[in-house]
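For reference, the structure discussed in these notes is given below.
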């Protein structure tokens, strides 16, 4: 089983995740553990649960440990759970995509920005996009790479979570269609390594 849900017997959550895995294109790789914890926050790069400090977050991914931590509140929000889980799975895919494919995706979003495109397919990408400078894009800075990764993950979540409308889906339809074509094209053909 690719996703192993730990420390919960919630049948509804398991069904949601099982249905979700049917919508995602084929993935290959070792299993990923999922766990829910209450009131997740990020404080100076540290994941906290039920802490009194930090920025509230939906999830955190530990790539090397093959582990995703989800905010417990998502257990009662099936569609948001699906969107967040797909986003987190695509962090594993981004890492194993390879330089050539990552560069191809970078070129796609760079062209969007050059054309004056606004909006994104999730807040994680949108918030980073707003902070980008021309220098970031030209020099392919860390900020640029982080934006591209979040954009890739948010696009995957938009495509495969099963959610058609969301307040965070603000990218123009023609650009969404271009991203869909990229994901469905040769760049992502075959089982995606995670």
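Residue numbers (my numbering): 6 to 199.
Glycine residues also receive a C-beta, built at the ideal position from the N, C-alpha and C atoms.
Counting Cβ pairs closer than 8 Å, one from the region 170 to 186 and one from the region 117 to 131, do we hit at least three?
yes
CB contact flag (residue 45, residue 76, <8 Å)
yes
Burial state of residue 191, where buried means 16 or more other Cβ atoms lie within 10 Å:
exposed
Through-space distance from residue 99 to residue 161, alpha-carbon basis
10 Å
Just confirm the distance between the C-beta atoms of residue 199 and residue 32, as a whole number of angstroms; I'd bet it's less than 8 Å.
5 Å
Alpha carbons only, please: which of 13, 14, 30 is nearest the one belonging to residue 195?
30
Tell me whether residue 94 sits in a helix, a strand or coil according to DSSP, three-state version.
helix
State the start and end residues of the unbroken alpha helix (DSSP H) segment that holds residue 114.
104 to 119
Using DSSP with H/G/I as helix, E/B as strand and the rest coil, what is residue 47?
strand
Could you give the uninterrupted runs of the alpha helix (DSSP H) lying entirely in the region 158 to 196, keeping only those of 4 residues or more?
178 to 189
So, with DSSP's three-state summary, where would you put residue 23?
helix
Are the beta-carbon atoms belonging to residue 73 and residue 39 less than 8 Å from one another?
yes
Among 143, 68, 21, 37, which has the Cα closest to the Cα of residue 88?
21
If you check the beta carbons only, do residue 96 and residue 66 fall under 8 Å apart?
yes
Where DSSP assigns a beta bridge to residue 60, which residues make up the other side?
47
Check whether the Cβ of residue 189 lies closer than 8 Å to any Cβ atom in chain B.
Absent here is chain B; the protein component of the structure consists of one chain.
If I'm right that residue 159 touches residue 129 with Cβ under 8 Å, what's the distance once you round it to whole angstroms?
6 Å
Near residue 91, what residues of its chain come up, given a Cβ to Cβ distance below 6 Å and the 5 sequence neighbours on each side ignored?
161, 162, 165, 166
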